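Numbers given in our numbering equal positions in the sequence shown, counted from 1, plus 21. By construction, the Cβ of each residue, glycine as well, lies at the ideal position given by its N, Cα and C atoms. Predicted model, so just to flag it, every value in this text is computed and none were measured. Structure first, commentary second.
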Amino acid sequence: MIGIVSISCIGLTHSLNKRCVKSMDLPVVPLHRHPQYMMECCRLINSEWPRSETARLRSLECSADTLPTCLILLKDNKVIGHCKLSLIPAIPDGCFIESVVIEKGLRCQGYGKYLMEKVEQYCQEFLNLRIIYLSTKGQELFYMKIGYSICEPVSIYGSYIPRNQILNKNISNDVQIIPKNLNSKVYMCKTL
């Protein structure tokens, strides 16, 4: 009997978490305005993409009101998510999103979607951006569900790809657009 109650509670908690994330007002804040979270953010990102602490901290310390900007998702004053926004020199009204991560134990509960919604809002309201680019390996379906489309690669180092080359494909109509090689990056974008 205890096992059944326990399993039932786990399912209920997971279900409630999804609803709570949508209705809660969790803060998503610029890291440079809250430097007390720098080490915690470093550990979160390094748990997904290991790198020397020194190199990671140097990268995080570059966060500013102008790009690059690191945004963090907080829950109970703990960093549970991160996203970095980087400049695309050839596309002044766009940015490149990288290092999107949610704490492992909190994934599949709506926090990633919530973080991305707040990131998009920040891009529109504070940075006056109109388009967001990103690259991903294996998370294409997640991004498609929240409105991103597969597009041609974009360089954050200055080369320009005309907007008319962007592929506006819908996953439900054209599943073969996701590369068969799971190790290759897929570039995606969303117009705000």
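Going residue by residue through the stretch 100-157, where are the continuous beta strand (DSSP E) segments of at least 3 residues, counting only ones entirely within it?
Segments of the beta strand (DSSP E) lying fully in the stretch 100-157: 115-123 and 152-157.
Within its chain, find whatever has a CB closer than 8 Å to the CB of Leu8; leave out the 5 residues flanking it on each side and keep chain order.
Coverage of the chain is limited to positions 22 through 213, which leaves residue 8 absent and any answer about it impossible.
What does DSSP give as the partner residues of Tyr208 in its beta bridges?
In the DSSP output, where bridge partners are listed per residue, Tyr208 has Ser156.
According to DSSP, is Leu213 part of a helix, a strand, or is it coil?
It is coil, neither helix nor strand.
Please state if the CB of Cys83 and the CB of Leu92 are separated by a distance shorter than 8 Å.
For Leu92 and Cys83, no; Cβs fall outside 8 Å.
With DSSP run on the structure shown, which of helix, strand or coil describes Ile171?
Of the three classes helix, strand and coil, the one that applies to Ile171 here is strand, per DSSP.
Check Thr95 in the structure and name its three-state DSSP category.
Note that residue 95 is Leu in the sequence shown, not Thr. Reduced to three states, the DSSP call for Leu95 is strand.
In whole angstroms, what is the alpha-carbon distance linking Tyr58 and Ala85?
In a straight line, the C-alpha of Tyr58 is about 15 Å away from that of Ala85.
What do you reckon, are the CB atoms on Tyr132 and Gly168 nearer than 8 Å?
No, the Cβ-Cβ distance between Tyr132 and Gly168 is not below 8 Å.
Contact check, Glu61 vs Lys99 under 8 Å by CB: the rounded distance?
The pair is a contact, with the Cβ atoms about 7 Å apart (cut-off 8 Å).
Specify whether the stretch 139-156 and the stretch 113-127 touch according to this definition: at least 3 beta carbon pairs, one from each stretch, less than 8 Å apart.
Yes: at least three Cβ pairs fall under 8 Å.
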